[in-house]
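Have a look at the structure below before the remarks.
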Amino acid sequence: MVAEMHAHGCLKSVKIKKTTKEQPMEKIKNGPSLAKSSAVRQRRFFGFALLCFFASAAVAFADGGVVLAEQTSGPYHITLFGSPSPLRAGAADISVFLQDAKTGEPILDPSVTVQLQATSGAARDAWLPPCCSMKSDTRPVSATHANAQNKLLYAANLLVASSGPHEIQVRIGKENTAALRAKINIEPPFPPVTAYWAYLAFPPLAIAGFALNQRLRRRR
Amino acid sequence: MNSIAGAAFASWRLEPGTFAALFGFAFFYARGWIRLQSRAARRFPLPRLLCFFAGIAALALALFSPLDAFANFLLSIHMVQHLMLTMVAPPLLLLGAPFLPILLGLPRRFVADGLGPFLAWHPLKTLGHFLTNPIFALLAFCLSNILWHLPVAYELALRSTAWHRVEHMFFLGTAILFWWHVINPWPTHNRWPRWTVIPYLLLADFQNTALAAFFSFYDQVLYPTYAAAPRFGNFSALNDQAAAGGIMWVPGSIAFLIPCAVVAIQFLSPKRTPAAVPSSAFPAFLRFLFQSFRLPRVPLTRLRRPLQFLLLGLALLIIWDGFTGPQLSAMNAAGTLPWTHWRGLTVLALLFVGNLFCMSCPFMLVRDGARKILSPFGFGKIPWPRFLRNKWLPVVLIALYLWAYEGFSLWDRPWATAAIILGYFAAASLVDSIFKGASFCKYVCPIGQFHFMQSLVSPAEIRIREPDVCAGCRTYDCIKGNASQRGCELQLFQPRKSGNMDCTFCLDCVSACPHDNVALQPVAPAADLWKSTPRSSIGRWESRPDLAALVLVLTFGAFANAASMVAPVQDLAASFDLSHLAFTTAFLGLFLLALPLFATVCAAALARPYEKSRVSLSRTIAAYAIALAPVGSGMWLAHFVFHLFTASHTPIPVFQRLFGLEPDWSIASWSWPGLLGVELLFLDAGFLLTLYALWRIARKRSPRPLFAFLPWAMIAIFLFAFGAWVVFQPMQMRGTLMSSASQAGVPRLVTAAE
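Residue numbers (our numbering), protein chains in the order written: chain Y, -13 to 206; chain D, 23 to 776.
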């Protein structure tokens, strides 16, 4: 039994016909009738479109973001990451990587808290919902492995209420003094249209695709 | 394994969107592959399926595994991830020859009407032909590889998630094009002689080797991110870079040279007839799996009463707490449960299943009880007055409710909420004790009308299974009932019923049908909107201006209700020298009356000249206005889901208080930054569904559908744009301890003492 494609210019009519006689694959592959037919091109395009769609599924996820500060404090070597880069008012991911200062081995056991506070000169921004309706985190927030994709990191998801100069502190264990202090600048949030452009662009694109679809169908 | 290695290997994260996409591909491929087994088993043997699945697994490994988690730490790990995307996944996917299986696996209508016209479109076919040209593919693959490894581009990808995605898309996309010429996935054919694959692969390998050598031997760290990244032990950034070069060099070259050798051997070997594919039990097993996978049949008829009792219990609790509890909405069951949770869960149920609330309506339980007591005394026999057998009364009630909700801040008055619920019980019992059938549900209940309208876009419907069974039925139990079961009280005759309008999901017809031919079944959402056939007990849309009015009030009401809670509208209210009630009256008068009337009359007047047959303005409005229901549903969903998630935990301290425990008012919520995206998606979906319904109606009613469609589309566009603006505004956190948007647009935290 061999599959033979019957193409009538559109995929609606693509059918698989059962034949009783076996045909060699090469004949089907290289046969002049099929090679010249638009159906082969059509399938080639479909295959291409389909597989390019795979590419669109291949997304990456930033974990940890960029290094904001690095410091050795007592037995620990602390690296602080922030995402997005640069940090903006709204939701932010702050990650901490703890290492043994001598050996460089990752340390996973102690509890870690991070605290982000605005310093003088910070401006309070109207940030986008629903973050604006959530409590901003100015008190110490515990950073955990569960929040991180990379389980060697301690991560905390913070809500940053304002832009401008901020100070971030990292405390390890039950110590009152911060093991790491760093000054960072928080950028203002993106305007709504920029931040959510994909959601707003989707309807016009869908409408354009539908209009083209209707036009092509009418032509056929 | 020590704890560090354990933590490293546990660094997996499934991203739902990508996972759904990969799962979808695998599912449709498997479905199509099974279908092909009965038609072209030889062309699609088991190894093809395995190759495709292995390709999907390779993508999943690259994107969800610790390879992704450590990509920002170690260039060598990042290199492995990129090799998976360029050298492993693409050839495996192409070896699965995925086009035909996926085409056959997708819904037939989608392929025929949705994809078909594009696949036959000449410019796109030419583009596809050009892109799969071996010269272009080789150049694209090599250039992508080189350019993305330039420090500027690579750093951009490392610092931005969006650019990282773009980078991966380029890698995978160009790799698919590159491997296309090597694999030639069936049914495409070689454009160039087969031997050209050998120099093609060697040229790519040459580029790969040169780049890998550069990484291996360059004496400075190329990418600042890796220079700054914390190091593991003595593994310096430079060593990491050299290791990355080695990975690119050796496994990368092997990936090019193995197919090169295979092609060379094929080329030098005599041609053989393909051997017969041995029969395998696997396709049968897979078919069995697909056929046995069915959604479990939920015994909804048995669930109804328990659900009604549950909601009755909650209603009684709300009434009691509303009258006796603290009169602050966030602290009272009457301030949280009905306004936030019940409404949010109801619209979600309507979106995913159907009118589940009417099915479990507690008012009906009480009314059934009242009717049972009173019917021996001759009550419940009077037919509902003829002049009220329409939706005008509920239209007025809904408008009144929306006005009172905002004007008298019903949401913030637990006693008023309790009084409304109590009044509802009384009204339902009184109306249905006096009048026949479910007159309250059909002609009075504003909540029911809201659910009827929302359920127009639901994906399920109570409908007949086999029309032939109904054609042979002479008892009509579904509407008349029988000795043990009453029929449809809303006078919906199943064989002629279409859509969810007026259906309370009471399931009486399901229980009454002696042939078990009525059931909850999946339907295309909103498909009923553009059907012009007469419906049982409803008629045609165009002959029901009252239904059009209902849809318009609920659609425009959705936007007005949400807008009245956002900071700019509240600022606007403050800028007028008007009382809150007067402003609300003016605002809702504009949104519920003036605007819909003006917009629909204008749209109908503009569309009418293009109608096939001259009909009255009101019939034109009624025919088209029903299509606005989805955009209204989208706004209700966006709005209620926002409140549901931002106030998700508010009942916890309320129940703690009710049960005599110490309430913990500092509760968390399920609010997350991506919630706004979900709201916009609801709006997008409602808007597009409305446009599609309008287009289908215009096509049916007009020889020049575009001209009839455009005026109505303008209304939908206005509503969508307004809705998008509303969801971007800070919104009052009603029913929570966060309330009242401040002047800066940021909500003020209201303490319990306030």
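Cβ coordinates follow ideal geometry from the N, Cα and C atoms, glycine included.
Beta-carbon contacts of residue i that lie in its chain and below 6 Å, excluding the five residues immediately before and after
| i | result |
| --- | --- |
| Phe462 of chain D | Ala450, Val453, Asp454 |
| Gly54 of chain D | Pro123, Ile124, Leu126, Gly127 |
| Gly77 of chain D | Ala111, Leu114, Leu115 |
| Cys495 of chain D | none |
| Leu71 of chain D | Trp55 |
| Leu419 of chain D | Pro468 |
| Ala84 of chain D | Gln103, Met106, Leu107 |
| Leu697 of chain D | Phe667 |
Whole-number beta carbon distance between residue j and residue i, since they are thought to touch under 8 Å
| i | j | result |
| --- | --- | --- |
| Ala625 of chain D | Pro556 of chain D | Incorrect: roughly 24 Å between the Cβ atoms, too far for contact. |
| Trp214 of chain D | Pro156 of chain D | 6 Å |
| Leu610 of chain D | Leu424 of chain D | 6 Å |
| His152 of chain Y | Ala104 of chain Y | 5 Å |
| Ile269 of chain D | Ser98 of chain D | 6 Å |
| Pro752 of chain D | Ser119 of chain Y | 7 Å |
| Val156 of chain Y | Val82 of chain Y | 6 Å |
| Leu54 of chain Y | Gly76 of chain Y | Between Gly76 of chain Y and Leu54 of chain Y the Cβ distance is about 17 Å, and since that is not below 8 Å, they are no contact. |
| Pro273 of chain D | Leu105 of chain D | 6 Å |
CB contact flag (residue i, residue j, <9 Å)
| i | j | result |
| --- | --- | --- |
| Pro675 of chain D | Pro685 of chain D | yes |
| Gln516 of chain D | Lys464 of chain D | no |
| Ala226 of chain D | Gly267 of chain D | no |
| Pro190 of chain Y | Ser149 of chain Y | no |
| Leu551 of chain D | Ala649 of chain D | yes |
| Pro120 of chain D | Pro207 of chain D | yes |
| Gly654 of chain D | Phe750 of chain D | no |
| Lys413 of chain D | Arg566 of chain D | yes |
| Met381 of chain D | Leu529 of chain D | yes |
| Phe74 of chain D | Ala48 of chain D | yes |
| Asn136 of chain Y | Phe158 of chain D | no |
| Lys634 of chain D | Ser554 of chain D | no |
| Phe671 of chain D | Met755 of chain D | Note that residue 671 of chain D is His in the sequence shown, not Phe. Not in contact: His671 of chain D and Met755 of chain D (Cβ atoms no closer than 9 Å). |
Residue i - containing beta strand (DSSP E), residue span
| i | result |
| --- | --- |
| Arg157 of chain Y | 148 to 158 |
| Val52 of chain Y | 52 to 59 |
| Asn171 of chain Y | 166 to 172 |
| Ser128 of chain Y | 127 to 129 |
| Ala482 of chain D | 482 to 486 |
Residue interval of the alpha helix (DSSP H) (run including residue i)
| i | result |
| --- | --- |
| Tyr646 of chain D | 639 to 647 |
| Thr211 of chain Y | Given that chain Y is displayed from residue -13 to residue 206, the structure contains no residue 211 of chain Y and the question cannot be resolved. |
| Ala52 of chain D | 38 to 59 |
| Phe176 of chain Y | That residue, Phe176 of chain Y, is in no alpha helix (DSSP H); it is neither H nor E in DSSP. |
| Leu126 of chain D | 121 to 127 |
| Ile456 of chain D | 436 to 456 |
| Asp86 of chain Y | Note, Asp86 of chain Y: premise wrong, no alpha helix (DSSP H); beta strand (DSSP E) at 76 to 86. |
| Val623 of chain D | 617 to 629 |
| Gln103 of chain Y | Segment 98 to 104 is the beta strand (DSSP E) holding Gln103 of chain Y; no alpha helix (DSSP H) there. |
| Ala571 of chain D | 567 to 585 |
Chain-order list of residues whose beta-carbon lies under 7 Å from that of residue i (same chain, five-residue window excluded)
| i | result |
| --- | --- |
| Phe384 of chain D | Phe is not the amino acid found at residue 384 of chain D; the sequence shown has Pro there. Counting only Cβ-Cβ distances below 7 Å, and skipping sequence neighbours, we find Gln330, Leu333, Leu334, Ala337. |
| Lys15 of chain Y | Because the pLDDT at Lys15 of chain Y is just 41, under 50, the model does not fix this residue reliably, and the value given afterwards should be weighed accordingly. If we look at Lys15 of chain Y and ignore the five residues flanking it on each side, it has no Cβ neighbours. |
| Leu603 of chain D | Gly429 |
| Pro281 of chain D | Val204, Leu223 |
| Ala175 of chain D | Leu169 |
| Phe854 of chain D | Residue 854 of chain D is absent from the structure shown; chain D starts at 23 and stops at 776. |
| Ser558 of chain D | Leu514, Phe515, Arg518, Lys519 |
| Pro246 of chain D | Glu177 |
| Pro178 of chain Y | Leu114 |
Min CB distance residue i to chain A below 9 Å
| i | result |
| --- | --- |
| Tyr714 of chain D | Although the question refers to chain A, the structure presented lacks it and instead comprises the protein chains Y and D. |
Cβ-based neighbour list, residue i, same chain, cut-off 8 Å, excluding 5 preceding and 5 following
| i | result |
| --- | --- |
| Pro360 of chain D | Ile340, Thr439, Ile443 |
| Lys13 of chain Y | Confidence at Lys13 of chain Y is low in this model, with a pLDDT of 40, below 50, so its placement is unreliable and the value that follows should be read with caution. Around Lys13 of chain Y: no qualifying Cβ. |
| Val45 of chain Y | The predicted position of Val45 of chain Y is uncertain, since its pLDDT is 40 and thus under 50; a value taken from the coordinates is nonetheless stated next. Closer than 8 Å at the Cβ level, and outside the excluded window around Val45 of chain Y, lies no residue. |
| Ala197 of chain Y | none |
Candidates the options: closest to residue i by CA position
| i | options | result |
| --- | --- | --- |
| Phe578 of chain D | D:Met475, D:Arg485, D:Ala505, D:Asp599 | D:Met475 |
| Val663 of chain D | D:Leu260, D:His190, D:Val369 | D:Val369 |
| Tyr182 of chain Y | D:Thr758, D:Asp706, D:Ala735 | D:Asp706 |
| Thr89 of chain Y | Y:Pro61, Y:Thr130, Y:Glu161, Y:Glu56 | Y:Pro61 |
| Val388 of chain D | D:Arg327, D:Ala356, D:Leu373 | D:Arg327 |
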